[in-house]
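**Student:**
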Amino acid sequence: MPSSNRPRWIDLRRDLPGVADLLATAFAERLDEDGHAALRQLRRIARSRSAQRAYAAREVPGAPLYGFVWEADGRIVGNVSLIPLPAKPRQYLIANVAVHPAYRRQGIAAALMEATLHHARQRGARAVWLQVETWNKGAIALYHTLGFADRDVVTLWKAQPDARAIAPSLPGVRVHARLARRSEWPQVEAWLDAAYPLERAWHRPLASWQGLAPGWRGLLWRLLHPLSFRMWVATHPNRLLGAAAWLPIVGAPTDAFLLAAPPDLAPADVAALLIPLRRHAPRPLRGELPQGFLAEGLTAAGFEATRHLLWMKWSPLMES
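Going by our numbering, the sequence shown opens with residue 4, and the numbers climb by one from there.
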């Protein structure tokens, strides 16, 4: 089929319905509840001129609306979204790399990616990030060719709420719904930093760990940043085992969870810590953790590993 010969910047006034249709087709077999919610939001913005004007007036951090499209035969057949991140220096996240099945293997994805990286470079970006499923070897090879470097692999875990889930009863292990104590907090914070890398702090479900901290600093942060969450701490006599938190995400069909624990925590201890989250949460839980991290314990707690995702990073400094 004939195709146009170059990418163009998206026109928010007329392209959003076509982009939504393309994403629904290209990702039909892989869209989860959050993906469907994102498409509904995209279609709502497509019907709102005021929203389109507001997003076009400036880069809105976190908005998956900007980027490049490829038009052929009167419709959008290719897309790459470039999401501004709430980070300094300037960084972006690439998402929704999609080409209609009838137009694949024509170099459209590569051309869209090149245009996107050129735009990011012109905007002064210090880094551009993306996630790709580890099985997608063709896409990974393309991203390597464009200068992306592997960072790490994470697993996306999900669990359904279950008010009747029963946590294992373990000798000496106590799980309490409370904040970490002052003496426990440095260790909890270190575990959080290990599981959720600082270089991608913008991807954490919580802007600052201070929101979970005990004492007046944590209280002040929560007063200034209204936050609804619940935290559980697992202990054994004279020893902190780990901590976990449930964080509702406003406007999303799923809620987030955080896990702070040593990598050698026994599976039964992990289950004892995490099952209270499933008992309490009113909606499905989701969260990313390093690949292989406490996988047996997460499974024992009723969580399912749904995707393995490779984080990749591009920087103009890496090209020089």
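Beta carbons: idealized from backbone N, C-alpha and C, even for Gly.
Predicted, not measured: the structure shown is a model, and the values here were computed from it.
The alpha helix (DSSP H) with tyrosine 146 in it runs from where to where?
**Tutor:** Working through the sequence shown from its first residue, we reach residue 146 at position 143. Run containing tyrosine 146: 140 to 148, per the alpha helix (DSSP H) assignment.
**Student:** From what residue to what residue does the alpha helix (DSSP H) around glutamine 134 run?
**Tutor:** For the purposes of this step, residue 134 is taken as residue 131 along the sequence shown, with counting starting at 1. Note, glutamine 134: premise wrong, no alpha helix (DSSP H); beta strand (DSSP E) at 130 to 136.
**Student:** Distance, Cα to Cα, alanine 210 vs proline 89?
**Tutor:** Residue 210 sits at position 207 when you count from the first residue of the sequence shown. Residue 89 sits at position 86 when you count from the first residue of the sequence shown. Between alanine 210 and proline 89, the C-alpha separation is close to 10 Å.
**Student:** Taking leucine 292 as the reference, give the member of Ala255, Asp258, Gly254, Tyr199 with the closest Cα.
**Tutor:** Numbered from its first residue, the sequence shown carries residue 292 at position 289. That would be Tyr199, whose Cα lies nearest to the Cα of leucine 292.
**Student:** What three-state label does DSSP hand proline 293 in the structure shown?
**Tutor:** Here the question's residue 293 lines up with position 290 in the sequence shown. In this structure, proline 293 counts as strand in the three-state DSSP scheme.
**Student:** Report the option in Pro279, Leu15, Leu26 whose CA atom is closest to the CA atom of arginine 167.
**Tutor:** Residue numbering aside, residue 167 sits at position 164 when the sequence shown is read from its first letter. Of Pro279, Leu15, Leu26, the residue nearest in Cα terms is Pro279.
**Student:** Run the CB neighbour count on isoleucine 97, radius 10 Å, all protein chains shown included, and call it buried at 16 or more, exposed below.
**Tutor:** As a working note, residue 97 is residue 94 in the sequence shown. Buried, by the Cβ-count rule.
**Student:** Identify, in the order they occur along the chain, each residue of the same chain with its Cβ nearer than 6 Å to the Cβ of serine 323, setting aside the five sequence neighbours on each side.
**Tutor:** The residue given as residue 323 occupies position 320 in the sequence shown. Caution applies to serine 323, whose pLDDT of 49 falls short of 50 and renders its modelled position unreliable; the value that the coordinates give is listed next. Hits under 6 Å: none found.
**Student:** Which value, in whole angstroms, describes the spacing of the CA atoms of aspartate 153 and glycine 221?
**Tutor:** Here residue 153 is taken as the residue at index 150 of the sequence shown, counted from 1. Here residue 221 is taken as the residue at index 218 of the sequence shown, counted from 1. Going from the Cα of aspartate 153 to the Cα of glycine 221 covers about 35 Å.
**Student:** Just how far apart, CA to CA, sit proline 208 and tyrosine 106?
**Tutor:** As a position in the sequence shown, residue 208 is number 205, starting the count at 1. As a position in the sequence shown, residue 106 is number 103, starting the count at 1. Approximately 36 Å, taken between the alpha carbons.
**Student:** Between the segment 134 to 145 and the segment 240 to 258, are three or more C-beta pairs nearer than 8 Å?
**Tutor:** Cβ pair count under 8 Å is below three, so no.
**Student:** The alpha helix (DSSP H) that contains valine 191, what's its start and end?
**Tutor:** The residue labelled residue 191 in the question sits at position 188 within the sequence shown. Valine 191 -> alpha helix (DSSP H) spans 188 to 198.
**Student:** With a threshold of 8 Å on Cβ separation, who are the neighbours of leucine 120 within its own chain once the five nearest residues in sequence on each side are excluded?
**Tutor:** Indexing the sequence shown from 1 puts residue 120 at position 117. Here the set comprises Val131, Leu149, Gly150, Trp317.
**Student:** Have a look at leucine 115 and histidine 147 and give me their C-alpha separation to the nearest angstrom.
**Tutor:** Your numbering for residue 115 matches position 112 in the sequence shown. Your numbering for residue 147 matches position 144 in the sequence shown. Rounded to whole angstroms, leucine 115 to histidine 147 spans 15 Å at the Cα level.
**Student:** State whether the segment 19 to 26 contacts the segment 229 to 238, with contact taken as three or more CB pairs (one from each stretch) at a distance under 8 Å.
**Tutor:** No: fewer than three Cβ pairs fall under 8 Å.
**Student:** Is the segment 165 to 184 touching the segment 45 to 65, taking contact as three or more C-beta pairs under 8 Å?
**Tutor:** Output reads no: the segment 45 to 65 does not touch the segment 165 to 184.
**Student:** Work out the CA separation of alanine 101 and arginine 124 for me, nearest whole Å.
**Tutor:** Translated into positions along the sequence shown, residue 124 becomes position 121. Translated into positions along the sequence shown, residue 101 becomes position 98. Approximately 22 Å, taken between the alpha carbons.
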